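Shown next, in structure tokens, is the structure this report addresses.
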Amino acid sequence: MADGSTPPSSEPGGPVPAVRPFLVTAGRVAPDPSGRTMPVETQVVATAEGLAVLDRLAFEQHDIVAACRIPQSIAEIAARLRLHLNVVRILAEDLRTAGQLTVHVPDTDVTHDASVLRRLIDGLRAIPDSRGVLRDID
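Residues in the sequence shown are numbered consecutively from 41, following my numbering.
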């Protein structure tokens, strides 16, 4: 523009991501034909084979294996790499099938224990907000 500012974007939500999730997963919406999905707390870690072929993996697969040098949950990977949660689930399953990731699904009996959830809630409340104020406890 004449004043040196950039013209407003014609796109309502800003720029569109370069690659849509369905392109990354080849149109798949579930990791396997049964439609089961990995829980978000599933821990994933790279195998020695995965690290050995790291330079030959495609973009997102490379990033997932590289991030999993230390155990990561599916949710952590999605947040860290800014990928859709289901994209990470599908690619992690592909990498597990290829022997490049080890997947550790949590014991569902433990994750439904109310005392674990209570400790989690208490821990989250103990974290101060951006102003340094602690949340009220019930």
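C-beta atoms are modelled at their ideal positions from N, C-alpha and C, and glycine is treated no differently.
Quantities reported herein were computed from a predicted structural model and do not represent experimental measurements.
When C-alpha distances from T142 are compared across R122, Q112, D95, N126, the shortest belongs to Q112. In this model, V80 and I114 are separated by some 5 Å (Cα to Cα). Residue state for S113 is assigned as strand, using DSSP reduced to three classes. The DSSP-derived three-state label of Q140 is coil. By the neighbour-count definition (other C-beta atoms within 10 Å, threshold 16), L135 is a buried residue. With contacts defined as CB atoms closer than 9 Å, H144 and V85 qualify as a contacting pair. About 17 Å separates the CB atoms of G139 and T82; that is not less than 8 Å, and the two are not in contact. For a cut-off of 8 Å, the C-beta gap from L121 to A107 is around 6 Å, short enough to register as a contact. The shortest C-alpha to C-alpha distance from L91 to any of R109, V128, D147 is the one to R109. Rounded to the nearest whole angstrom, the C-alpha separation of M78 and E116 is 13 Å.
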